[in-house]
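J.: In this note's numbering, the protein residues as written are 100 to 271.
My questions will all concern the structure given below.
This is the structure in structure tokens:
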């Protein structure tokens with residue numbers, strides 16, 4: 100008798116876990132999930148000196164705002180901007196690009212480290228083309244091109260997700 104009760108309890112628990120898992124997966128696939136187990140991925144930072152970014156090739160970038168908090172904070176569609184300047188300083192921690200109007204954009208932290216991991220290199224005086232978008236007043240690079248050497252590195256995908264964050268699939 101005890102074995103039958105124990106077996107029934109274990110069987111019930113197994114069916115319940117499978118049912119809950121299936122329901123969560125279905126809600127996640129349909130976008131109705133309120134499960135917040137996934138956390139937003141980290142963001143690299145690019146600091147901008149004085150001038151606003153503008154004048155260049157512009158295209159839309161970003162994700163539509165959604166009601167599901169599962170993937171962290173979503174951004175409104177951003178406008179991509181391309182700026183051109185010369186490398187004013189370059190080291191293992193940052194690259195400072197001086198624009199024609201004497202303003203500077205500093206590519207640092209995770210975006211710069213990721214670029215170096217992708218074998219991107221620059222020297223002082225190289226012509227650098229930065230394509231990115233402004234987020235909270237800060238220029239976020241999506242692509243860096245060294246026009247002097249011809250080397251280009253894509254930092255973010257077409258939705259603005261950083262290449263170093265695992266593309267939302269925990270490294271996959």
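The C-beta atom is built at its ideal place from N, Cα and C for all residues, glycine as well.
(1) Taking three-plus beta-carbon pairs below 8 angstroms as touching, is the segment 235-242 in contact with the segment 250-265?
(2) Is it buried or exposed for residue 113, if we count other Cβ within 10 angstroms and need 16 for buried?
(3) Short of 8 angstroms in beta carbon distance, which residues of its chain neighbour residue 187, apart from the five on each side in sequence? Order them along the chain.
(4) So, are the CB atoms of residue 183 and residue 226 less than 8 angstroms apart?
(5) Applying the 10 Å Cβ sphere with the 16-neighbour rule, what's the burial state of residue 229?
(6) Look at the Cβ atom of residue 219, then the Cβ atom of residue 259, and state whether they are nearer than 8 angstroms.
(7) Might you give, ordered along the chain, the residues of its own chain that have their beta carbon closer than 6 angstroms to the beta carbon of residue 249, omitting 5 neighbours on each side?
(8) Please report how far the alpha carbon of residue 247 lies from the alpha carbon of residue 179, in whole angstroms.
(9) Check the DSSP bridge columns for residue 244 and list the partner residues they point to.
(10) Indicate the three-state DSSP secondary structure (helix, strand or coil) for residue 126 in the structure shown.
(11) Let me make sure I understand the geometry here. Which of 245, 221, 192, 200 has the alpha-carbon closest to that of residue 210?
(12) From what residue to what residue does the alpha helix (DSSP H) around residue 187 run?
(13) Just how far apart, CA to CA, sit residue 272 and residue 120?
(14) First and last residue of the alpha helix (DSSP H) that includes residue 214?
(15) Taking the alpha-carbon positions, what's the residue 245 to residue 128 distance?
(16) How long is the line joining the alpha carbons of residue 214 and residue 126, rounded to whole angstroms?
T.: Judging by the given coordinates:
(1) yes
(2) Translated into positions along the chain shown, residue 113 becomes position 14. The residue in question, residue 113, is exposed, as its Cβ has fewer than 16 Cβ neighbours within 10 Å.
(3) Working through the chain shown from its first residue, we reach residue 187 at position 88. The answer, listed in chain order, is 195, 196, 197, 203, 223.
(4) In the chain shown, counting from the first residue as 1, residue 183 sits at position 84. In the chain shown, counting from the first residue as 1, residue 226 sits at position 127. Their beta carbons are under 8 angstroms apart, which means residue 183 touches residue 226 by this criterion.
(5) Sequence index remark: in the chain shown, residue 229 carries index 130 (1-based). Buried, by the Cβ-count rule.
(6) Within the chain shown, numbered from 1, the residue matching residue 219 stands at position 120. Within the chain shown, numbered from 1, the residue matching residue 259 stands at position 160. Against a cut-off of 8 angstroms, the Cβ pair of residue 259 and residue 219 comes out as no contact.
(7) Along the chain shown, read from residue 1 onward, the residue named residue 249 stands at position 150. So the list is empty, once near-sequence residues are dropped.
(8) The residue you call residue 247 lines up with position 148 of the chain shown. The residue you call residue 179 lines up with position 80 of the chain shown. Taking the straight line from one Cα to the other gives about 22 angstroms.
(9) Taking the chain shown and counting its residues from 1, the one referred to as residue 244 is at position 145. DSSP output for residue 244 lists 228, 251 as bridge partner(s).
(10) Against the chain shown, residue 126 aligns to sequence position 27. Helix.
(11) In the chain shown, counting from the first residue as 1, residue 210 sits at position 111. Selected option, being the one with the closest Cα: 192.
(12) Taking the chain shown and counting its residues from 1, one reaches residue 187 at position 88. Looking at the DSSP string, residue 187 is not in any alpha helix (DSSP H); the run it does join, the beta strand (DSSP E), is 180-189.
(13) Outside the modelled stretch of the chain, which goes from 100 to 271, sits residue 272, for which no answer is possible.
(14) For the purposes of this step, residue 214 is taken as residue 115 along the chain shown, with counting starting at 1. Residue 214 -> alpha helix (DSSP H) spans 208-216.
(15) Numbered from its first residue, the chain shown carries residue 245 at position 146. Numbered from its first residue, the chain shown carries residue 128 at position 29. Distance between the alpha carbons of residue 245 and residue 128 is about 40 angstroms.
(16) Residue 214 sits at position 115 when you count from the first residue of the chain shown. Residue 126 sits at position 27 when you count from the first residue of the chain shown. About 37 angstroms.
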